[in-house]
Structures are given as structure tokens and as C-alpha cells.
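Novice:
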Amino acid sequence: MAGTMFAGVAASLMLSGWQFHKTSTSEGAVLRVMTCNRGQQGSQSQQGFKNSTRPDILVLQEAAGRSRGLAKSPENAEFTHSASVGEHTILSRFPVLGSSILPAGAAPRQARAVRFVVNWFGRKISVYSVHLRTPRDALRAQWPGALVYGVLGLPGTVWGERRKQYQAFWDGQIADAKMILEAAREDPLPVILAGDFNAPHSGHIRHLLARELSDAHEEAGNGCGFTFPGVTRNPLSLGGPWLRIDYIFFNHEWSALQCVTERDRPSQHRAVMARLVLRDDPPSVTE
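Letter by letter, the sequence shown follows residues 839 to 1125 of the working numbering.
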């Protein structure tokens, strides 16, 4: 009986993405990157988590035009450089050299991601702020009766049309993820992707990205790393988050020493911070 219970608990932890890693140390230059979707924060501040983790780069989604105001705030005095493109904002201790929008040519407000080039101790790196579309409306359109008209979708009926719309949303979501992955693949610089991917850790999009990129939580995090929703009335999640949809990914040039998820803040999203090092040719911190 005890063995069965233990096996059940172990299986549940595996399905939830539970990780356990010892915090690694490094004698080289360590880059601390933090990401947070500021949407619907409910007047809750991320300053406590930010001050405890001391990020070098803070990437924000749903923060349109906020770079100047946030950078001028005494609470963010450590960040001497900033930029905003559409909803994507970056605050950095290091110079931000430029930015570009994905998809290329899109209006800033339609950007699925923005690539910021940062001068990190004389070494250029690419930091992508990512925000894929929320599936909220697509999921609501399928309720109730998703099994009948969302999956079976009888042709020639209103349910068949809803199924087509539902499928079109997810086809677009996958296409956006592939576009961002291709940009990361072709980027000549060390790459970091951070943001709200609106994709659960066990879903297709997260696995698509993880085939070529490393997931900081999976490599160096502890626990489930759930980030959404920050607070709920769900007794099964003890009133806290039950999905991991905010991530920090990186390409083969990086290694993660630590990944930490904000433990307690009643906002829509919880922040994530990762400590990263370059595997080869790290920059000199004396430059």
C-alpha cells in the first residue's frame, strides 16, 4: 500500500514538471535574467523578488511604453539602460544596442517577440522578450461541449465552424513558436528567450522549443515552477498557480546555474529569474 502511494506521488510530481537541482556556482561572469508579465498585477509589486534575486536584465511583457518611467523610478536605479518596443520592455545594467520585431515588418503592437541586443561586458548577446497570444478566448468558445463540437466538429454546422476557428488559433500559435525558434536558430549571438509563452510545460509548443533550446527551470530549477495564475480559488492548487507558462530558454552557448520562480505574489503571473553563464569564451568582468 505504501509503495503504491509513493509511486502515485512520484508520478504526480513527474507529470507536474517537478525538478530538484543544487544551486551551481561559477567563477566566470554570471548573467542574471528575470522575466515578468506585468498584465493584471492587481497593484502588486515585483520589487521584493527583484531585489532578492538582483537581475542584470529585466524583461517585461504587457509593459508598453514603460521603459522610461520604470528606469527613472528610484526602485529601479540599478538599471541604467532601457528600451520599449510595443508591449515589450527591457531594463538592463548593460547597454541595449538595438532591437528588432518578430514577425519582421509587423507593427510594434503586433509583435510576438522583440529581440534586444545587449552589450554584456563587451560581448554582444541577444535577449528575446516573448509573448505568445493567450488561448483564453479560444478555450471559452469551446465551452460547454468541447468534446462534441470542438473535437468532432460536425461539418456544415456552427460547431464545425467553431472547431475550425479553434484549430486556426492553435495552428497560428504553433507557427509563431516556430518563427521565434527559427530566429533563435539563425541568430549569430548567444541567445536567451524570456517571457510569457502561454504554453504549459507538458504541451506541444513547449516541447517544440525544448527540442533545440534549454529550459532554465528544467536544467537548474526546483519544484514545479508554476507561474500562472498567481492566485486562484482552486483548492487542488491550494489557491496558488498550477501552470508553468512563463519561461527562460537559451541556446547551446549558455548553461544555467540556477532558476528561481517567485514564490508568493497575488498577481496574474509570477516572475522567473535565471542565472546563466556562457559555456565557452565568457566575457571578462574587468572590461
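The beta carbon of each residue, even a glycine, is placed where N, CA and C say it ideally should be.
Which residues share a DSSP beta bridge with Ile-1030?
Specialist: Residue 1030 sits at position 192 when you count from the first residue of the sequence shown. Ile-1030 is bridged by DSSP to Val-965, Phe-1088.
Novice: I'd like to know whether the C-beta atoms of Leu-1047 and Phe-1007 end up nearer to each other than 8 Å.
Specialist: One-based indexing of the sequence shown puts residue 1047 at position 209. One-based indexing of the sequence shown puts residue 1007 at position 169. Cβ distance not < 8 Å, so Leu-1047 and Phe-1007 don't count as in contact.
Novice: Can you grab the Cα-Cα spacing for the pair Thr-1099 / Arg-1049, in whole Å?
Specialist: Your numbering for residue 1099 matches position 261 in the sequence shown. Your numbering for residue 1049 matches position 211 in the sequence shown. If I take the Cα positions, the gap works out to 22 Å.
Novice: Quick one: grab the DSSP three-state call for Asp-1009.
Specialist: Here the question's residue 1009 lines up with position 171 in the sequence shown. Looking at Asp-1009 - three-state DSSP - the assignment turns out to be helix.
Novice: Ends of the alpha helix (DSSP H) at Asp-891?
Specialist: Walking along the sequence shown from the start, residue 891 turns up at place 53. Looking at the sequence provided, one finds Thr at residue 891 rather than Asp. Element bounds for Thr-891: 885-891.
Novice: Have a look at the DSSP bridge pairing and note the partners of Thr-1099.
Specialist: To locate residue 1099, count along the sequence shown from 1; it is residue 261. According to DSSP, which records beta bridges pairwise, Thr-1099 is partnered with Val-1110.
Novice: Is the distance from the Cβ of Leu-940 to the Cβ of Val-955 below 8 Å?
Specialist: Residue mapping note: residue 940 aligns to position 102 of the sequence shown, counting from 1. Residue mapping note: residue 955 aligns to position 117 of the sequence shown, counting from 1. Not a contact, by the Cβ cut-off of 8 Å.
Novice: Taking 7 Å as the cut-off, is the C-beta of Gln-899 nearer than that to any heavy atom in the ligand MN?
Specialist: With respect to the ligand MN, the structure offers nothing, as it holds no ligand at all.
Novice: Taking 8 Å as the cut-off, decide whether the C-beta atoms of Pro-1121 and Trp-958 are in contact.
Specialist: Within the sequence shown, numbered from 1, the residue matching residue 1121 stands at position 283. Within the sequence shown, numbered from 1, the residue matching residue 958 stands at position 120. Contact flag set, yes.
Novice: With a threshold of 16 other CB atoms inside 10 Å of the CB of Asp-1118, please say whether the residue is buried or exposed.
Specialist: Against the sequence shown, residue 1118 aligns to sequence position 280. Exposed is the call here.
Novice: Residues in the same chain with beta-carbon distance under 8 Å from Ile-1012, minus the five sequence neighbours each way, listed in chain order, please.
Specialist: Looking up residue 1012 in the sequence shown gives position 174. Counting only Cβ-Cβ distances below 8 Å, and skipping sequence neighbours, we find His-1042, Ile-1043, Leu-1046.
Novice: Less than 8 Å between the beta carbons of Ala-1032 and Leu-970, yes or no?
Specialist: Looking up residue 1032 in the sequence shown gives position 194. Looking up residue 970 in the sequence shown gives position 132. No; because the gap between Cβ atoms is not below 8 Å, this pair is not in contact.
Novice: Run through the segment 901-944 for me and flag every whole beta strand (DSSP E) of 3 or more residues, listed as ranges in chain order.
Specialist: 919-923, 926-930, 934-940
Novice: Using alpha carbons as the reference points, say which of Gln-1003, Gly-960, Thr-873, Asp-1009 lies closest to Tyr-1085.
Specialist: If you number the sequence shown from 1, residue 1085 lands on position 247. Comparing Cα-Cα distances from Tyr-1085 to each of Gln-1003, Gly-960, Thr-873, Asp-1009, the minimum goes to Thr-873.
Novice: Apart from the five residues on each side of it in sequence, which residues of its chain come closer than 8 Å, Cβ to Cβ, to Val-868?
Specialist: Within the sequence shown, the letter at position 30 stands for residue 868. Cβ neighbours of Val-868 beyond the five flanking positions: Leu-1095, Arg-1113, Leu-1114, Val-1115.
Novice: For Asp-1014, which three-state DSSP category applies?
Specialist: To locate residue 1014, count along the sequence shown from 1; it is residue 176. Reduced to three states, the DSSP call for Asp-1014 is helix.
Novice: What distance in whole Å lies between the Cβ atoms of Val-965 and Val-871, which are believed to be in contact at a cut-off of 8 Å?
Specialist: Your numbering for residue 871 matches position 33 in the sequence shown. Your numbering for residue 965 matches position 127 in the sequence shown. About 7 Å separates the two Cβ atoms, so the contact holds.
Novice: So, for Asp-1025: in the same chain, excluding its five sequence neighbours on each side, which residues have a beta-carbon less than 6 Å away from its beta-carbon?
Specialist: Indexing the sequence shown from 1 puts residue 1025 at position 187. For Asp-1025, where only same-chain residues beyond five positions count, the Cβ hits under 6 Å are Ser-964.
Novice: Can you name the start and end residues of the beta strand (DSSP E) that Arg-870 belongs to?
Specialist: Within the sequence shown, residue 870 is the residue found at index 32, counting from 1. Unbroken beta strand (DSSP E) run through Arg-870: 869-875.
Novice: Using the Cα positions of Cys-1062 and Ile-1083, report the straight-line distance between them to the nearest angstrom.
Specialist: By 1-based counting over the sequence shown, the position of residue 1062 is 224. By 1-based counting over the sequence shown, the position of residue 1083 is 245. Answer to the nearest angstrom: the Cα atoms are 11 Å apart.
Novice: So the beta strand (DSSP E) Leu-898 belongs to, where does it begin and stop?
Specialist: As a first step, residue 898 is located in the sequence shown; it is residue number 60 there, counting from the start. Element bounds for Leu-898: 895-899.
Novice: Around the C-beta of Gly-1059, are 16 or more other C-beta atoms found within 10 angstroms, so that it is buried, or is it exposed?
Specialist: Within the sequence shown, residue 1059 is the residue found at index 221, counting from 1. Classification for Gly-1059: buried.
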